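Here's the structure, in structure tokens; my notes come after.
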Amino acid sequence: MILVLDFGGQYNQLIARRVRENNVYCEVHTLTDEKNSVDKNIKSGLGTAINFSAVKDLKPEGIILTGGPQSVYEKNSALPPKELFELNIPVLGICYGAQAMTHVLNGEVKPAEVKEYGKTEVEIISDSKLFSNVEKNSIVWMSHGDRIFSLPENFSVTAKSESCPIAAAENSEKKLFAVQFHPEVLHTVEGKKIFSNFVDICGCSRDWKMDSFVEEKISELKNKIGGGKVLCALSGGVDSSVAAVLLSKAVGKNLTCVFVDHGLLRKNEAVEVEEVFKNYDLNFMKIDAGERFLQKLAGVTDPERKRKIIGEEFIRVFEDVAKKIGAVDFLVQGTIYPDVIESGLGKSAVIKSHHNVGGLPDFVDFKEIIEPLRLLFKDEVRQAGRELNLPENLVSRQPFPGPGLGIRIIGEVTAEKIKIVQDADAIYREEIFKAGIAPELGQYFAALSNMRSVGVMGDGRTYDYAIVLRAVLTNDFMTADAAQIDWNVLNTVANRIVNEVKGVNRVLYDCTSKPPATIEFE
Ligand code: XMP
Numbered sequence: 004m005i006l007v008l009d010f011g012g013q014y015n016q017l018i019a020r021r022v023r024e025n026n027v028y029c030e031v032h033t034l035t036d037e038k039n040s041v042d043k044n045i046k047s048g049l050g051t052a053i054n055f056s057a058v059k060d061l062k063p064e065g066i067i068l069t070g071g072p073q074s075v076y077e078k079n080s081a082l083p084p085k086e087l088f089e090l091n092i093p094v095l096g097i098c099y100g101a102q103a104m105t106h107v108l109n110g111e112v113k114p115a116e117v118k119e120y121g122k123t124e125v126e127i128i129s130d131s132k133l134f135s136n137v138e139k140n141s142i143v144w145m146s147h148g149d150r151i152f153s154l155p156e157n158f159s160v161t162a163k164s165e166s167c168p169i170a171a172a173e174n175s176e177k178k179l180f181a182v183q184f185h186p187e188v189l190h191t192v193e194g195k196k197i198f199s200n201f202v203d204i205c206g207c208s209r210d211w212k213m214d215s216f217v218e219e220k221i222s223e224l225k226n227k228i229g230g231g232k233v234l235c236a237l238s239g240g241v242d243s244s245v246a247a248v249l250l251s252k253a254v255g256k257n258l259t260c261v262f263v264d265h266g267l268l269r270k271n272e273a274v275e276v277e278e279v280f281k282n283y284d285l286n287f288m289k290i291d292a293g294e295r296f297l298q299k300l301a302g303v304t305d306p307e308r309k310r311k312i313i314g315e316e317f318i319r320v321f322e323d324v325a326k327k328i329g330a331v332d333f334l335v336q337g338t339i340y341p342d343v344i345e346s347g348l349g350k351s352a353v354i355k356s357h358h359n360v361g362g363l364p365d366f367v368d369f370k371e372i373i374e375p376l377r378l379l380f381k382d383e384v385r386q387a388g389r390e391l392n393l394p395e396n397l398v399s400r401q402p403f404p405g406p407g408l409g410i411r412i413i414g415e416v417t418a419e420k421i422k423i424v425q426d427a428d429a430i431y432r433e434e435i436f437k438a439g440i441a442p443e444l445g446q447y448f449a450a451l452s453n454m455r456s457v458g459v460m461g462d463g464r465t466y467d468y469a470i471v472l473r474a475v476l477t478n479d480f481m482t483a484d485a486a487q488i489d490w491n492v493l494n495t496v497a498n499r500i501v502n503e504v505k506g507v508n509r510v511l512y513d514c515t516s517k518p519p520a521t522i523e524f525e
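Numbering-wise (this note's numbering), the sequence shown opens with residue 4 and increments by one.
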């Protein structure tokens, strides 16, 4: 296991990803000071807060100190204790982490003559194990205002750049490594190799694999749950589906899965989910509640009101089911590691704010929540799904909002509009898949504008809806750029939609980034 200690930098979650890519288990925590309080400067602290004694108890094979916005020489900046470097455990300090290591071990860090932000070329000037098989000259990502001016005793410089004479340094005997640049960011061309080398230096066995995760998790769940009753709310998304299948393998018939079809899912989605879960030995309940939702949504046009109605109605439907099921011992949540670490700073993981599971614990009679995926990143959840033989179309499903197509239909939601947007979206997804560009896109879907316009079809005039196509590139869904989809692909999609979907005579492409627009339309 490699432990990442967070000092508040913006790329820190990526560090854990890079370690996990090497099949090494990795946890992210924020280190508390000797009074057990988290430094107030680490505003974005990830994971739970732990003190130095807990760090030792974890017995990590390696420790990574992350970047962060502070300056080590300022009063009250967060610093690791000196003893951390005497544990005989390899330590990699990145950016602020490198400076913190230097400072604590009596080297000197000061404001740099030139603040660096962006791509820079570095030159490796030693045969450091950290840079084994790394090109001598390569591009790295820099983002720093301070730099290391003099090194602690027994450290030597291992890489330099034009404006940063100590771009990397190390005490090879003690296996302490400092890098000023960010190897976790993909702009650092040799970054992945650097993490792989660090993992080797730590002597990690690289056996964190999804097949072993799945096996171990199933047996752990069996032991924990015994003959207890378990309830799982299925949304049809990747996380809750993988969680449900894990549970079904562990407890079979003691598991009840409730899948509420609010009628606002993508085309065929409800059927696909049912098809998958029919194959498992569990109590699967599909609730067809589409009519109920449509009635509640009749005449409502305000986006927030629509969201609220869908969320509330979902809870009402689930409440009715829960009454029938009665008390259960465990409630399953599809929480994943980014949810856990983003909830941050010692707070326990928040129940997902996802509307379709968020309200449940209030009224479901249960003793304990189980979150079987809370240690996995999204792509690891997908991998676990593949190990569990879930179909690829479910495993690689893109994110889908809880309120579903309700927020992709501008204005009032009607059965006619749902059908239009489902059919158009299915065509769009099919063509994107055929063009082989799906893996590059963060999210892509069709929405129904509330606009009708004049068109001509055959000899007749039409007055029909306009479909809007959206495709975005994003890593975090907080910001996004509109994707530049090949014109031929868009052309094919537009032709097919106007020809195959009744009620549509115009197709528009949304070129707006987020901000100022959002990814969804409402
Ligand atoms: P926006 O539209 O805010 O969306 O740019 C960002 C991401 O969040 C998803 N989204 C939701 N997911 N419940 C969810 O579970 C919701 O109410 C919801 N609203 C937006 C959206 O699909 C995108 O991935």
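Where a beta carbon is used, it is the ideal one built from N, C-alpha and C, also for glycine. Since we're looking at a predicted model, the values are computed, not measured.
Linking F403 to S516 through their CA atoms gives a straight-line distance of about 19 Å.
Taking C-beta atoms as the reference points, F448 and R473 count as a pair closer than 8 Å.
Fully enclosed beta strand (DSSP E) runs of no fewer than 3 residues occupy 171 to 174 and 179 to 182 of the segment 162 to 217, in order along the chain. The DSSP assignment places complete alpha helix (DSSP H) segments of no fewer than 4 residues inside the segment 482 to 523 at 490 to 503, in order along the chain. Per the coordinates, the alpha-carbon of G50 lies some 8 Å from the alpha-carbon of E30.
By the neighbour-count criterion, in which a residue is buried when 16 or more other Cβ atoms sit within 10 angstroms of its Cβ, M104 is buried.
Short note on K517: C-beta closer than 7 Å to some heavy atom of the ligand XMP. Each residue's CA atom was taken as its position, placing S131 and T161 some 7 Å apart. Annotation for H265: no alpha helix (DSSP H) segment contains it, and DSSP assigns it neither H nor E.
Looking at the DSSP output, I97 sits in a beta bridge with V182.
Per DSSP, K289 is one residue of the beta strand (DSSP E) stretching across N286 to D291. Shown here for L234: same chain residues with a beta carbon closer than 6 Å to its own, the five before and five after excluded, namely T259, V331 and L334 in chain order.
Under the three-state reduction of DSSP output, Y431 falls in the helix class.
Its chain contains E390 as the residues whose beta carbon lies nearer than 7 Å to that of D214, once the 5 sequence neighbours on both sides are disregarded; these appear in chain order. Straight across, the Cα-Cα distance linking V192 with N140 is about 10 Å. If you keep only unbroken beta strand (DSSP E) runs of at least 3 residues inside the segment 114 to 157, you get 140 to 153.
The criterion of a C-beta distance shorter than 8 Å is satisfied by V510 and V501. Around the beta carbon of P93, 16 or more other beta carbons lie within 10 angstroms, which makes this residue buried. Looking at the DSSP output, E30 bridges to L6. Following the DSSP letters along the chain, one finds Q446 inside the beta strand (DSSP E) bounded by residues Q446 to M460. Of the candidates A469, V188, C514 and V343, the residue whose Cα lies closest to the Cα of A483 is C514. Our two residues, S208 and S135, have alpha carbons roughly 18 Å apart in a direct line.
Exclusion of G239 from the 7 Å shell around the ligand XMP follows from its C-beta lying no nearer than that to any non-hydrogen atom of the ligand.
Nearest to A181 by alpha-carbon distance, out of Y99, A246, L237 and R377, is Y99. In this structure, the ligand XMP has a non-hydrogen atom nearer than 7 Å to the beta-carbon of R310.
Residue burial is scored here from C-beta neighbours: W211 has at least 16 other C-beta atoms within 10 angstroms and is therefore classed as buried. For F333, the enclosing beta strand (DSSP E) has its first and last residue at F333 to V335. When secondary structure is reduced to three states using DSSP, R411 falls in the coil class, being assigned neither helix nor strand.
Counting only residues of its own chain and dropping the five nearest sequence neighbours on each side, K370 has a CB closer than 6 Å to the CB of D332.
In the three-state reduction of the DSSP assignment, T338 falls in the coil class.
Around the beta carbon of E77, a 10 Å sphere encloses fewer than 16 other beta carbons of the protein chains shown; the residue is thus reported as exposed.
A325: not part of any beta strand (DSSP E); member of the alpha helix (DSSP H) spanning P306 to I328, first to last residue.
Inclusion of V137 and I197 in the CB contact set at 8 Å is warranted, their separation being smaller than that value. About 7 Å separates the beta carbons of I53 and T35, which is inside the 8 Å limit, making them a contact pair.
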